[in-house]
Structures are given as structure tokens and as C-alpha cells.
Amino acid sequence: MASARGPAADEGPALRALAAVVGALTTLAMALAAAALLVSLALIGWAVVMRYFFAAAPIWVDEVVGFALVAIVMLAAAQTLRRGEHIAVDLLTSRMPPRWRRWTQAWGALAAIAVAAILVVNGWETAALARTLGLLTEGHLEWPTWWLMLLMPAGGVLLALVAVEALWRALAGLPPRHGDGAHGAGEVGDRG
302 MASARGPAAD EGPALRALAA VVGALTTLAM ALAAAALLVS LALIGWAVVM RYFFAAAPIW
362 VDEVVGFALV AIVMLAAAQT LRRGEHIAVD LLTSRMPPRW RRWTQAWGAL AAIAVAAILV
422 VNGWETAALA RTLGLLTEGH LEWPTWWLML LMPAGGVLLA LVAVEALWRA LAGLPPRHGD
482 GAHGAGEVGD RG
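At position 97 of the sequence shown (counting the first as 1) the number is 398 in the numbering used here, and the numbers step up by one without a gap.
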């Protein structure tokens, strides 16, 4: 059972250290995703003004915003998972006994690790091939595609770290970590 001191006291130093590293990395990635979103918003606004008021639409803005969208998704996915904000159907799991819920959460973490591994391996191999072949993006910018493809393994590593932390917490019978250290209410805290 979780002690009266709270779930954080039961985590142990290794899990607390992992949580601190994962928290710092995912917070940084989310900040970069937010910055990319703000830059995209500013570029779109600027392009609209240029198009409708000056008849001089910049032709490269759509490309940059498209690339930024990939960065936003890959950088924000891990923090979104860590906060428990991904879409979930919990009709069945919310009615499970705590022990079953714990194993369901462990299974979910393992599935996330598998997806993350695919992102890392395939993303890295694809980026390496694109670099070897000297592939460029289509359109006006003609950026090296491997720069953009490296976002997949970067996002995969972040996702894997979050999933490893979630798996560790589930196997230890601790509640999921949501947000900035808050724990899910009534999730897995008791090891029933």
C-alpha cells in the first residue's frame, strides 16, 4: 500500500531521478513545441496580411508551417502522454479493481514503448537513408529531409522515456504521474 507520507515517498530515489529527468526533457520539448506553434501562428498571420493587403504572399510559409506541425506533434506527444491527456476510452478500466487497472496501465506503457521503438528505429533509418541520398523537401525551400526526419526518433526517445516511467510506476503499484508531479486520483495508488 502507499504510505501515509504519499506516493512520492514510495517512489524511491531511482524512480524520482528518472521522473526528474523525464520531466525536464518533456517540459523542454513542450516549450519548443509551443514556440513552434507561436512561430507558425505568426507566420500564417503575416502571410495572410501580405496576401490580402499587399498582394505579395510569401510562397514558403505553408512549407515552414507544415514542417513545424511535424515538430509540434513529435515534441508534444511525450508530455501529453505523461500528463494523461491523450484520448483514452476508460469506460472499462475505470470500473476495474486496482490490481487489474495496474496491469492494464503496464500493458499500455509496454504498447507505448513498442510504438516509440518503431519511431526511433524507422525514423533513424529513414533519416540516414535520406541523408545518404541527399534528398531535399519538395517546394520552394528544398531543405534536407533528414533534418525533418530526425524529429521522429527524437519524439520516439521522449515517448519511450515517459512510457518507461509509467511502466515502472504501474509495476510498483504507484499512481500514474499526471502533469507536474500530481498523481492520478484513485488510479493505482492501492495495490488491491
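All residues carry an ideal CB built from backbone N, CA and C; glycine is no exception.
{"query": "Where L437 sits in the DSSP three-state scheme", "result": "strand"}
{"query": "Per-residue DSSP class, three states only, for H432", "result": "Note that residue 432 is Arg in the sequence shown here, rather than His. Reduced to three states, the DSSP call for R432 is helix."}
{"query": "Residues that P445 bridges to, as DSSP identifies them", "result": "L437"}
{"query": "Among G440, I360, P445, L472, nearest to L434 - alpha-carbon criterion", "result": "P445"}
{"query": "Cβ pair count under 8 Å reaching 3, the stretch 404-416 against the stretch 463-471", "result": "yes"}
{"query": "Rounded straight-line distance, which links the Cα of A358 to that of R432", "result": "31 Å"}
{"query": "Selected residue, minimal CA-CA separation from L392, among Q380, L382, T405", "result": "T405"}
{"query": "CA-to-CA distance, G313 to L319, given in whole angstroms", "result": "10 Å"}
{"query": "Selection from V349, G474, M450 that minimises the alpha carbon distance to V422", "result": "M450"}
{"query": "Bounding residues of the alpha helix (DSSP H) (the contiguous stretch that carries T394)", "result": "Unbroken run through T394: none, as it is neither H nor E."}
{"query": "Through-space distance from A356 to P454, alpha-carbon basis", "result": "40 Å"}
{"query": "For E312, the three-state DSSP class (helix, strand or coil)", "result": "coil"}
{"query": "Rounded Cβ spacing between A334 and A372 (contact assumed at less than 8 Å)", "result": "7 Å"}
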